[in-house]
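Residue numbers (my numbering): 312 to 883. Glycine included, each C-beta is placed from N, C-alpha and C at the ideal position. Remember, predicted model here, so these are calculated numbers, not experimental data.
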Amino acid sequence: MVGVGCAAAAALLSCLLVALPLCCAGQTDLTSPQDIQVYIVNTNFTLRWNYTGNDTNVTFSAEYRWFEYFETNETEWKTEWKELPGCQNVTRTECDFSSAITKYYDKHHVRIRAERREELSPWSSIFEMIPYFIAQIGPPGVELQSTNGVIKIKLSPPEANQVRKMWIADLRFKYNLVIWENSSNPEVRSQSIFPTDTIDDLAPDTTYCLKVQATLPLDFQEGLFSPIRCVKTTRKVNDLLCATNVRILALNMKFHLHWKNQYKQRVSYNVQYLIGYLKKLHGDYSMKWLNVPGCENITDTQCSFSSIITTTSGFYYLRVQAMSEYNKSCLSNEVKVDPLTTNEIGPPDVKVDISNVLLHIQISPPGGPECEVMRDHYDLSYRVLYWKNSSNNNEEEVKMKEIKQTIATVSDLTPSTLYCVKAQAFSEAYNKSSDYSKVECIKTPGDKTLPLIILATFVTALIAVLLVATPLVFGLYQIYNKIKYVFFPSCQPPLNIESFGGQVFSSLYLSTTDEPIENCSIIEAITEEVNQIDFKDYKHSKQSSRDSGTYSNDSDTSGSKASEETLEKEIV
């Protein structure tokens, strides 16, 4: 009996021991961490959170997982939750897990919970991140040297000498310098600098403090500033051998360097240049300066360096090396050349011409037709001014036209007037404009309207006179022909008729259109003396006259017979 009771008690105790941890675990009072955040500087990852519970002896553990995207089949794969190295059983509310993350462009999830012995809080909300997009750029390394009144600065990129890097391309970094005088009311100034650069325009024997920031402008990311460094400047030694007032004069892509000489003895000069991108590199570029061809060992204080400007997209640095006859040398300050920004636009050439009622304006681009850079890169436009140049002192209105082409026309011109034109080239992209060209003038031809009116009036009058005079002349001519035909006929009566007593016979001649030869019919008024003439002799005379063809035509027999019959009746 006793053995059975002991066995039952042992079984009940074992059940209680198994159930007790489960019951406790399901009824924990621990709360979940809140406000999960991840801070990334370069490749340094820090997880931070808040815990509002009043529990003691609480630790925290985190888990993470990441997602991989496969572009081949456009699918996303995620890993299982894993313990986050560096964030297990920590007692503070932050932990460093830099060693755990190596895929900076993949999506990651992080979660954390509170623990106390066997008690576990629920998991916190999931923090999602892509490391590259939330990372901050760390401060660059800074080295300073004060010499001859300037401060030489040398920078190292934010992740120098690190094996794993968040920012792969160091050349993409831009550096901003903030410098101020260490005084009660400092004037702070900012400027962009290169990894190896010189800060000038500083007061001598003065302490300056500065800090430097690295940025990635294309990614719109700004880094953390470096720790503040302070340095005291020295006095600058004024070496008379050095070239001073070094400046650039450039017009229509023709570049000249000018400087001043303050050395009283014989001196020669070398003009040196450096391709601008070399200054972006981290390292020493002092041995990469080159001499400008044609500007070596010269004694003049100017030289053309157009031959080295082989591209308009980059920039250059120039300096003058002065050398004395004792092999002593001195380098001038450097000047920067950004070709399209440094260059100035010259005035265009203008030609004018008159055609009909239009003023034609022909513009030649600055630099001439061979200067393609001026046309292609500046995207030039032209501002044309034109006005009437009258002889009196009255001010004429100046009119303006803006054009993109090199040809312009002006209409509505006043005849016999002198017009003057000048033009200016400008580029909106570079905010540059040239001087105005020389004034070109041309006179418009006289008014052609009045001569045309006179000519038209004359032609109209001539046509009218012809229209009126032609019928009149024709009528007069016909009347004249009729009068001449009647009173001065070209045909003569027969001789036998003309010999009748010397009497003049009046005859009426009729014309016909059948033949060009005139046919005549004679109607005679016979006096009493004719009765004594033998009718046969008259017929014989008439027959002779017909045969001769002088007074009649065979085709006109009807007319002759009628005349004969009439004559016979009169004789009877």
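Here DSSP, grouped into helix, strand and coil, assigns Y693 to strand. Residue state for E683 is assigned as helix, using DSSP reduced to three classes. With a minimum length of 3 residues, the unbroken runs of beta strand (DSSP E) contained wholly in the segment 704–780 fall at 710–714, 718–721, 729–738 and 751–754. Following the DSSP letters along the chain, one finds I665 inside the beta strand (DSSP E) bounded by residues D660 to S666. Going by DSSP, Y443 is part of the alpha helix (DSSP H) stretching over P442 to I445. In the pairwise beta carbon analysis, the segment 388–408 is classified as not touching the segment 562–576: fewer than three pairs are separated by under 8 Å. Contact annotation: E533 and T517 have beta-carbon atoms that are not nearer than 8 Å.
The Cβ atoms of Y741 and L651 lie closer than 8 Å to each other. Within the DSSP secondary-structure output, F799 pairs in no beta bridge. The Cβ atoms of N459 and K547 lie closer than 8 Å to each other. For T518, the enclosing beta strand (DSSP E) has its first and last residue at T518 to L527. Using a 10 angstroms sphere on the CB of C541, the tally of other CB atoms stays under 16, which defines it as exposed. Between Y628 and V603, the C-beta gap is not smaller than 8 Å, which leaves the two residues out of contact. Cβ contact annotation for T720 (same chain, cutoff 8 Å, sequence separation greater than five): L669, L670, H671 and I672, in chain order.
Contact between the segment 459–476 and the segment 499–519 is present: 3 or more CB-CB pairs across the two stretches fall below 8 Å. Note on geometry: alpha-carbon atoms of V797 and Y791 lie some 10 Å from one another. Assignment of I347 by DSSP, reduced to helix, strand and coil, places it in the strand class. In the three-state reduction of the DSSP assignment, N792 falls in the helix class. For L651, the enclosing alpha helix (DSSP H) starts and ends at P650 to T653. Ranked by Cα distance from Q716, the first of S722, I412, F737 and E708 is F737. When beta bridges are read from the DSSP output, S618 appears opposite no residue. Assignment of H688 by DSSP, reduced to helix, strand and coil, places it in the helix class. Leaving aside the five residues that flank N368 on each side, the residues in its chain whose CB is nearer than 7 Å to its CB run, in chain order, R427. S727 is positioned such that its CB atom lies no closer than 8 Å to that of T771. By the Cβ-count criterion, Y637 is exposed, with fewer than 16 other Cβ atoms from all chains shown falling within 10 Å of its own Cβ. Listed in chain order, the non-local C-beta contacts of I441 below 6 Å within the same chain comprise K418, local neighbours out to five positions each way being set aside. Comparing alpha-carbon positions, the option among H420, L431 and S409 lying closest to Y375 turns out to be H420.
As the crow flies, the alpha-carbon of N400 is around 26 Å from that of A446. Ranked by Cα distance from E439, the options Y416, A633 and T544 are led by Y416. No Cβ-Cβ contact shorter than 8 Å links V648 with I586.
In the displayed model, D530 falls within a helix according to three-state DSSP. The beta carbon of V631 is closer than 7 Å to those of A554, V557, W570, Y580, V582 and S643 in its chain, skipping five residues each way along the sequence. Beta-bridge partners of E394 (DSSP): E374. Residue pairing by DSSP places L629 opposite Y584 and V646 in a beta bridge. In this model, S615 and V646 are separated by some 15 Å (Cα to Cα). 8 Å or more divides the Cβ of I437 from the Cβ of R424.
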